[in-house]
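The structure under discussion appears below in the form of structure tokens.
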Amino acid sequence: MTVYKKHVKVLSEEGKVSYADITEDVKKAIAESQIENGICVVVTPHTTCSVFFEEYAHDINAAGDEFLQEDLNTVLEKIIPDHVSAETYVYPGEKHYEAVESWPNADEYLPNGDRTALWNGDAHLKATLIGSSTVFEVDNNKLAVGSTGYVYFADFDRTRARERKCSIIVMG
Amino acid sequence: MTVYKKHVKVLSEEGKVSYADITEDVKKAIAESQIENGICVVVTPHTTCSVFFEEYAHDINAAGDEFLQEDLNTVLEKIIPDHVSAETYVYPGEKHYEAVESWPNADEYLPNGDRTALWNGDAHLKATLIGSSTVFEVDNNKLAVGSTGYVYFADFDRTRARERKCSIIVMG
Amino acid sequence: MTVYKKHVKVLSEEGKVSYADITEDVKKAIAESQIENGICVVVTPHTTCSVFFEEYAHDINAAGDEFLQEDLNTVLEKIIPDHVSAETYVYPGEKHYEAVESWPNADEYLPNGDRTALWNGDAHLKATLIGSSTVFEVDNNKLAVGSTGYVYFADFDRTRARERKCSIIVMG
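Okay, here's the thing in structure tokens:
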């Protein structure tokens, strides 16, 4: 049995939840692995991101999102409102602000010392609900999903644009 | 290390969320695999279905659902209402309707050309929340769960009855 | 390829959702496995518990919970209220009460025959939403997450304090 790993990069936008269709990356990793039968695990190492399985919806809204992504945003916001004030969530908290401010790379998290840059509690909670990993079947060296099945990477953090990592691990 | 795979079929009903107890299928696949230690991955290839781990509740309601399933339906419907009109969700959308209408097997998705047959946005969103895969431990060639732990396959799509597939992959 | 397994014990409290940071256990299991590349699966065998990936928040509230855990409780309770009366959920149900009362270890579930000890429908539903398993990447014999990424075990069952089990399976 072998393990084949691939790390892909995903660019996220500021001011919105960012969804990326990574289906082709996953299919390519499976092909490269030459593994006939087993599993393909897709994982995010970031706590404000998720990986999930969903249909590709052909219509795109003004924000650039597929219609099912807009609907998912609407549904999640009903219980997880945007983190727009210090009162929306108890997170981050004074000690957390201070801890981040003490990091050598504090500037990356708190540009210009702006504490509101840490108001991404909504992203943490959405990522916990949707989950950080999804497992797929590999069958005859193919991703075993129907023709309408796609793999998405979501970055729920709206505070800033970033380059995110996603791990694809094929085993069998 | 070996990979043992089994594909099981699950029948769903029209007009309701369909839950199937697939615990015996999972236990049988593990026994057949002869794998002593490792994992058992249960996966749906359908974007409107989920696999989850839950207790078996002995009471059944008038719809034929276990009580915890009725409670799960109630909870999910609070944020994901039934897709009963074109206004419930932005999905499917005009391009999506047209794409499906162009498929060779369009009749399967749109019987008699009825576009309301695609009103399953609720099912897509519920499946994303609950997830498409669950991993279990295999210990001494057994499914390592307590006596009250069961494996369920859910088809959240209420638009029509179907035969669904579920993949069980044992590795170790 | 090898399989390395470790079972850890987690103590939960009565009267609240109990969260345990098991990151060190997971990192230790990976180190002990000596597996360079592959996956680490963390699984709960209990239907009222979950495993999830989240940031460590440095502030702790009066209940002893990290701030992101308090926020998660708040969010989940919006759709899954505490099971405080026979009307909150249809679960458990008469047959379920009777089934549990017939078990040889009924006393463990129903101390003094008190049926309200089974009012943990909220815990079952929360565990289904958050999920029973999470998969991580193992890279160079390390847990492949960023410096802010932690692994948590949640026991959503508030009815009594218990010793819970969690399985860590490293494969590669």
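Chains as they are written, first to last, in the UniProt record's numbering: chain P, 1 to 172; chain G, 1 to 172; chain R, 1 to 172.
Ideal Cβ positions, reconstructed from N, Cα and C, are used throughout, including at glycine.
### Query
Do you know offhand how far R/Glu-137's Cα is from R/Asn-37's?
Here residue 137 of chain R refers to the residue found at position 137 of the third sequence. Here residue 37 of chain R refers to the residue found at position 37 of the third sequence. Note on geometry: alpha-carbon atoms of R/Glu-137 and R/Asn-37 lie some 8 Å from one another.
### Query
Quick one: does G/Lys-142 have its CB under 7 Å from some CB of chain P?
For the purposes of this step, residue 142 of chain G is identified with residue 142 of the second sequence, where counting begins at 1. Not closer than 7 Å to any Cβ of chain P, the Cβ of G/Lys-142 fails to qualify, so no.
### C-alpha distance - P/Asp-122 paired with P/Asp-82, whole-angstrom precision
As a position in the first sequence, residue 122 of chain P is number 122, starting the count at 1. As a position in the first sequence, residue 82 of chain P is number 82, starting the count at 1. The alpha-carbon separation between P/Asp-122 and P/Asp-82 amounts to approximately 6 Å.
### Message
So, with DSSP's three-state summary, where would you put G/Gly-15?
### Response
Sequence index remark: in the second sequence, residue 15 of chain G carries index 15 (1-based). G/Gly-15 falls in the coil class under three-state DSSP.
### Query
Should the region 153-171 of chain R be regarded as contacting the region 26-37 of chain R, the criterion being three or more beta carbon pairs within less than 8 Å?
Segments in contact, yes.
### Query
Hey, residue 179 of chain R and R/Val-51 are a contact pair by Cβ (cut 8 Å); roughly how many whole angstroms apart?
Residue 179 of chain R falls outside the range modelled here, since chain R spans only 1 to 172, and no answer is possible.
### Query
Among residues of its own chain, excluding the 5 on either side of R/Trp-103, which ones have a beta-carbon nearer than 8 Å to its beta-carbon?
Position 103 of the third sequence, counted from the start, is the residue given in the question as residue 103 of chain R. Listed in chain order, the non-local C-beta contacts of R/Trp-103 below 8 Å within the same chain comprise Tyr-109, local neighbours out to five positions each way being set aside.
### Task
Out of P/Asn-112, P/Val-43, P/Val-8, P/Leu-72, state which residue places its alpha-carbon closest to the alpha-carbon of G/Ile-80.
Indexing the second sequence from 1 puts residue 80 of chain G at position 80. Of the listed residues, the one whose Cα sits closest to G/Ile-80 is P/Leu-72.
### Query
Taking the DSSP output, what are the residues bridged to G/Val-43?
As a working mapping, residue 43 of chain G is identified with position 43 in the second sequence. Answer is G/Ser-133, G/Ser-167.
#### Entry: Coarse secondary structure for P/Val-84, derived from DSSP in three states
Mapped onto the first sequence, residue 84 of chain P falls at position 84. If DSSP states are grouped into helix, strand and coil, P/Val-84 belongs with coil.
### Message
Distance check for G/His-58 and R/Pro-92, CA to CA, integer angstroms please.
### Response
Numbered from its first residue, the third sequence carries residue 92 of chain R at position 92. Numbered from its first residue, the second sequence carries residue 58 of chain G at position 58. Rounded to the nearest angstrom, the two C-alpha atoms are 8 Å apart.
### Query
Taking the continuous alpha helix (DSSP H) assigned at P/Phe-67, which residues delimit it?
In the first sequence, counting from the first residue as 1, residue 67 of chain P sits at position 67. 67-79 is the span of the alpha helix (DSSP H), which, as asked, contains P/Phe-67.
### Query
Hey, is G/Ile-39's beta-carbon within less than 7 Å of any beta-carbon in chain R?
In the second sequence, residue 39 of chain G corresponds to position 39, counting from 1. G/Ile-39 counts as touching chain R.
### Query
Where does G/Gly-121 fall in DSSP's three states?
By 1-based counting over the second sequence, the position of residue 121 of chain G is 121. Three-state result, G/Gly-121: helix.
### Query
In whole angstroms, what is the alpha-carbon distance linking R/Arg-164 and P/Glu-163?
In the third sequence, the residue the question calls residue 164 of chain R occupies position 164. In the first sequence, the residue the question calls residue 163 of chain P occupies position 163. A direct Cα-to-Cα measurement between R/Arg-164 and P/Glu-163 gives close to 38 Å.
### Task
Find the residues of chain P that neighbour R/Phe-156, judging by a C-beta separation of less than 9 Å, and give them in chain order.
Taking the third sequence and counting its residues from 1, one reaches residue 156 of chain R at position 156. Under the 9 Å cutoff, chain P gives no residues; its nearest Cβ is about 13 Å from R/Phe-156.
### Task
Rounded to whole angstroms, what's the CA-CA distance from G/His-46 to G/His-7? Just pull it up for me.
As a working note, residue 46 of chain G is residue 46 in the second sequence. As a working note, residue 7 of chain G is residue 7 in the second sequence. If I take the Cα positions, the gap works out to 13 Å.
### Message
Checking 7 Å against the spacing of the C-beta atoms, do G/Ser-132 and P/Phe-67 come in under that value?
### Response
Taking the first residue of the second sequence as position 1, residue 132 of chain G is located at position 132. Taking the first residue of the first sequence as position 1, residue 67 of chain P is located at position 67. Their beta carbons are not under 7 Å apart, which means G/Ser-132 does not touch P/Phe-67 by this criterion.
### Query
Under the three-state reduction of DSSP, which class applies to G/Gly-113: helix, strand or coil?
For the purposes of this step, residue 113 of chain G is taken as residue 113 along the second sequence, with counting starting at 1. Here G/Gly-113 sits in helix by DSSP.
### Query
Any residues in the region 124-151 of chain G with a beta carbon nearer than 7 Å to a beta carbon of chain P? Which ones, in chain order?
Under the 7 Å Cβ criterion, the region 124-151 of chain G contributes His-124, Leu-125, Thr-128, Leu-129, Gly-131, Ser-132, Ser-133, Val-135.
### Query
Excluding five sequence neighbours on each side, which residues of the same chain lie with their C-beta closer than 7 Å to the C-beta of P/Lys-16?
Numbered from its first residue, the first sequence carries residue 16 of chain P at position 16. Cβ within range, chain order: Ala-63, Arg-158.
### Query
Quick one: which chain P residues come within Cβ less than 8 Å of G/Gly-93?
Taking the first residue of the second sequence as position 1, residue 93 of chain G is located at position 93. Chain P residues near G/Gly-93: Ala-57, His-58, Asp-59, Phe-67.
### Query
Using Cβ-Cβ distances below 7 Å, what residues of the region 85-109 of chain P are close to chain R?
Per Cβ criterion, the list reads Tyr-89, Val-90, Tyr-91, Pro-92, Gly-93, Glu-94, Lys-95, His-96, Ala-99.
#### Entry: Backbone CA spacing between P/Tyr-19 and P/Tyr-56 [nearest angstrom]
Translated into the one-based positions of the first sequence, residue 19 of chain P becomes position 19. Translated into the one-based positions of the first sequence, residue 56 of chain P becomes position 56. The C-alpha of P/Tyr-19 lies about 12 Å from the C-alpha of P/Tyr-56.
### Task
Excluding the 5 residues preceding and the 5 following P/Thr-88 in the sequence, name in chain order all residues of the same chain whose CB lies nearer than 8 Å to its CB.
Mapped onto the first sequence, residue 88 of chain P falls at position 88. Only Pro-81, Asp-82, Trp-119, Gly-121, Asp-122 meet the Cβ criterion.
### Task
Please report the Cβ distance between P/Val-41 and P/Val-135, rounded to the nearest whole angstrom; I am assuming they are in contact, meaning their Cβ atoms lie under 8 Å.
As a position in the first sequence, residue 41 of chain P is number 41, starting the count at 1. As a position in the first sequence, residue 135 of chain P is number 135, starting the count at 1. Separation of the CB atoms of P/Val-41 and P/Val-135 is rounded to 5 Å, and the pair is thereby assigned contact status at 8 Å.
### Query
Mind checking whether G/Val-151 and G/Thr-23 have CB atoms under 7 Å apart?
Along the second sequence, read from residue 1 onward, the residue named residue 151 of chain G stands at position 151. Along the second sequence, read from residue 1 onward, the residue named residue 23 of chain G stands at position 23. At the C-beta level, G/Val-151 and G/Thr-23 come within 7 Å of one another.
### Query
Buried or exposed: which applies to P/Gly-172, given that a residue is buried once 16 or more other Cβ atoms fall within 10 Å of its Cβ?
What you label residue 172 of chain P is simply residue 172 of the first sequence in a count that begins at 1. P/Gly-172 should be labelled buried.
### Message
Let me see if you follow: with CB-CB separation under 7 Å, is P/Gly-64 close to chain G or not?
### Response
For this step, residue 64 of chain P is matched to residue 64 along the first sequence. Closer than 7 Å: no.
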